[in-house]
Amino acid sequence: MARSTLKNQPTAYPKGPFYIVRFCQLLAAVVVAAEMFYFIWQLKNGGYRVPWMFFFLHGAALVTIITTVITSILHWRHKLSALFNGAVNGVSIVLWVVGFCLLVDAMRETILDACTPAFWGDSTGIMVCRLYKLLFAASLFGL
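The opening residue of the sequence shown carries number 117 in the numbering used here; numbering runs sequentially from there.
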């Protein structure tokens, strides 16, 4: 009986480290989601097909934003169950790992190239190169 009671009891996470980690997660997810909104919007307006892996990474970022806000509110208003928090974080990390791997696979030639006119042509190409690198860094930070 004591074992099942311990399993269901909320865990007292230290507030400082908990919210610092949550803020970093939220920051990375917002940067990735905003960039994905921008890329998808630009591709749609340009008449291009949007790669399906963009939607996967975008979904991972949006799920992280939602779960981070919900679990932070639960922690602030109540105590947060370690089992619930672990399950939510487990789903989130799987989405981020798969999304990041898809991004790396799609960008493997791009990420190491310099953002210069020799590789990217004009100022628009250079901006896209820099946004790709920011997306890569924010996705890595989100992991």
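Don't be surprised by glycine CBs; every beta carbon is placed ideally from N, CA and C.
Distance between residue j and residue i (C-alpha atoms, nearest Å)
i	j	result
PHE280	TRP212	With the chain running from 117 to 259 in the structure shown, residue 280 is simply not present.
PHE139	ILE209	16 Å
VAL146	ILE181	7 Å
GLY237	LEU247	15 Å
TRP168	MET152	12 Å
LYS160	VAL166	7 Å
GLY241	ALA234	10 Å
GLN261	ALA176	The structure shown does not extend to residue 261, since the chain is modelled only from 117 to 259, so the question has no answer here.
TRP192	LYS131	9 Å
SER158	GLY258	Residue identity differs from the one stated: residue 158 is Gln in this sequence, not Ser. Their backbone Cα atoms lie some 23 Å apart in a straight line.
LEU199	ALA254	27 Å
GLY215	TYR129	28 Å
PHE155	VAL204	27 Å
DSSP state of residue i mapped onto helix, strand, coil
i	result
ILE156	helix
MET117	Unreliable positioning characterises MET117 in this predicted model, as indicated by a pLDDT of 47, which lies under 50. The coordinate reading is nonetheless provided below. Residue state, collapsed to three classes: coil.
LEU228	coil
VAL166	coil
ASP221	helix
LEU259	coil
GLY175	helix
GLY237	coil
Where residue i falls, given that 16 or more other Cβ within 10 Å makes a residue buried
i	result
MET243	exposed
SER239	exposed
VAL148	buried
HIS194	exposed
VAL137	exposed
GLY162	exposed
VAL220	exposed
ALA150	exposed
LEU256	exposed
State whether the segment 221–234 contacts the segment 187–194, with contact taken as three or more CB pairs (one from each stretch) at a distance under 8 Å.
-> By the Cβ rule, the segment 221–234 does not count as touching the segment 187–194, because fewer than three pairs are nearer than 8 Å.
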